[in-house]
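Peer 1: Just passing along the structure, written as structure tokens.
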Amino acid sequence: MYSPMKFFGLAGTGKHIGIVGLGGLGHIGVRFAKAFGTKVTVVSSTAGKSKDALENFGADGFLVSTDEDQMQAAMGTMDGIIDTVSASHPILPLVGLLKANGKLVLLGATEKPFDLHAFSLILGRKSIAGSAIGGIKETQEMINFAAKHGIKAEIETISIEYVNTAMERLAKGDVRYRFVIDIANTLAVTPS
Numbered sequence: 271m272y273s274p275m276k277f278f279g280l281a282g283t284g285k286h287i288g289i290v291g292l293g294g295l296g297h298i299g300v301r302f303a304k305a306f307g308t309k310v311t312v313v314s315s316t317a318g319k320s321k322d323a324l325e326n327f328g329a330d331g332f333l334v335s336t337d338e339d340q341m342q343a344a345m346g347t348m349d350g351i352i353d354t355v356s357a358s359h360p361i362l363p364l365v366g367l368l369k370a371n372g373k374l375v376l377l378g379a380t381e382k383p384f385d386l387h388a389f390s391l392i393l394g395r396k397s398i399a400g401s402a403i404g405g406i407k408e409t410q411e412m413i414n415f416a417a418k419h420g421i422k423a424e425i426e427t428i429s430i431e432y433v434n435t436a437m438e439r440l441a442k443g444d445v446r447y448r449f450v451i452d453i454a455n456t457l458a459v460t461p462s
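Our numbering applies: residue 271 is where the sequence shown begins, and numbers increase by one.
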């Protein structure tokens, strides 16, 4: 989240970005964006995540992506959008949220190609890009920034014995927001 915000110029005061998906990556994105001083609107298909987005993570706004009225009201309001969702979903409504010269940055890799009309990009000079993690230098910058601003992930610590159950929960979308396997206590040697 740090890397695309910095690289694509989406971080800082006066910027308004959308973060699509409030999962393991999206919730950290909200925290980084707020630490940069950026206005953040979370876009999610799950209305029930609005309380977490607004109250726990400090988002400035929340849009339900399937609510046509909400999406229509927000058209042309965002400088950029970082899309963290890896499940197939419509891209065209997200492009509509962008201001002129806006950037849609894809982090989630969907299995199916998305449907997009060229005119939705041409009119308004909008662009779509992808991003992965930064290099060693940028990763260190990100760690320093996170430490300075107290940015950390919401995690649920599990034992190795719980991994299969955790995978089932992950498939159902029943995780808030990252699972972390406690290897140290799992592999602890017991005296004989």
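Quick reminder that beta carbons are idealized off the backbone N, C-alpha and C, glycines included.
Specify, as a first and last residue, the run of the beta strand (DSSP E) that L376 falls within.
Peer 2: 368-376
Peer 1: Among the residues of its own chain, which have a CB less than 7 Å from the CB of G328, if the five just before and after it don't count?
Peer 2: These residues qualify, in order along the chain: V300, K304.
Peer 1: Return the Cβ separation of S315 and T336 in integer angstroms, given the expectation that the two are a contact with Cβ distance under 8 Å.
Peer 2: 6 Å
Peer 1: With a threshold of 8 Å, are at least 3 pairs of Cβ atoms found where one atom belongs to the region 396-403 and the other to the region 371-385?
Peer 2: yes
Peer 1: Touching or not, the region 280-291 and the region 404-422, by the rule of three or more beta carbon pairs under 8 Å?
Peer 2: no
Peer 1: Considering only residues of the region 362-443, which uninterrupted alpha helix (DSSP H) runs meet the minimum length of 4 residues and lie entirely inside it, listed in chain order?
Peer 2: Restricted to the region 362-443, the alpha helix (DSSP H) segments that are unbroken, complete and at least 4 residues in length are 362-367, 389-392, 406-419, 433-442, listed in chain order.
Peer 1: For I451, which beta-bridge partners are listed by DSSP?
Peer 2: I451 pairs with I428.
Peer 1: Have a look at L292, S358, I287 and flag the residue whose alpha-carbon is nearest the alpha-carbon of Y447.
Peer 2: L292
Peer 1: Could you name the residues that DSSP lists as bridge partners for S314?
Peer 2: V334
Peer 1: Output needed for L324: all residues of its chain with C-beta closer than 7 Å, excluding positions within five of it in sequence on either side, in chain order.
Peer 2: F332
Peer 1: Go to G288, then tell me how far its alpha helix (DSSP H) extends in each direction, as first and last residue.
Peer 2: From DSSP, G288 is part of no alpha helix (DSSP H) but of the beta strand (DSSP E) over 286-290.
Peer 1: Are G372 and D339 closer than 8 Å when you measure CB to CB?
Peer 2: no
Peer 1: Whole-angstrom Cβ separation of T427 and V450, contact assumed at under 8 Å?
Peer 2: 5 Å
Peer 1: What did DSSP end up calling M348 once you bin it into helix, strand or coil?
Peer 2: strand
Peer 1: Starting from the Cα of E431, find the closest Cα among G443, T456, K442, R439 and give me that residue.
Peer 2: T456
Peer 1: Using a 10 Å radius around the Cβ and a threshold of 16 neighbouring Cβ atoms, would you call I351 buried or exposed?
Peer 2: buried
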